[in-house]
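3 is the number of the first residue of the sequence shown in the working numbering; add one for each residue after it.
What follows is one structure encoded as structure tokens, with my remarks underneath.
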Amino acid sequence: MLKPLHRWIWADARRRGRKLLRFAETEADGGRDLARAAELTRDTVLRRLYFRHAGDEQRHADLFGRRAREFACSAMRR
Numbered sequence: 003m004l005k006p007l008h009r010w011i012w013a014d015a016r017r018r019g020r021k022l023l024r025f026a027e028t029e030a031d032g033g034r035d036l037a038r039a040a041e042l043t044r045d046t047v048l049r050r051l052y053f054r055h056a057g058d059e060q061r062h063a064d065l066f067g068r069r070a071r072e073f074a075c076s077a078m079r080r
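Structure, rendered in structure tokens:
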């Protein structure tokens, strides 16, 4: 049922880039939240896991951001 809507959303390179940029922002925010939680916890195992997860979230943010910029550049060439 939502397939036509998804196709419409992802069909345009500019819109795709904006959506991926929002994904990147969300991932970066999550990483900051996890890093802050790690700073506040006293449990060393949990702290390490929080920091590892925060790093993963930042890598995801970087990947989404890079892909968003690729779409933005390809949309500008058209």
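Glycine included, each C-beta is placed from N, C-alpha and C at the ideal position.
Cβ of A63 within 8 Å of Cβ of Y52? no
Terminal residues of the continuous alpha helix (DSSP H) containing T87? One cannot answer for residue 87 here, as it falls past the ends of the chain, which runs 3 to 80.
Do you know whose CA, among T46, C75, G32, K21, lies nearest F66's CA? K21
Roughly how many whole angstroms lie between the Cα atoms of K5 and H55? 32 Å
Proximal residues to R24 (C-beta, below 8 Å), its chain only, five neighbours per side dropped: none
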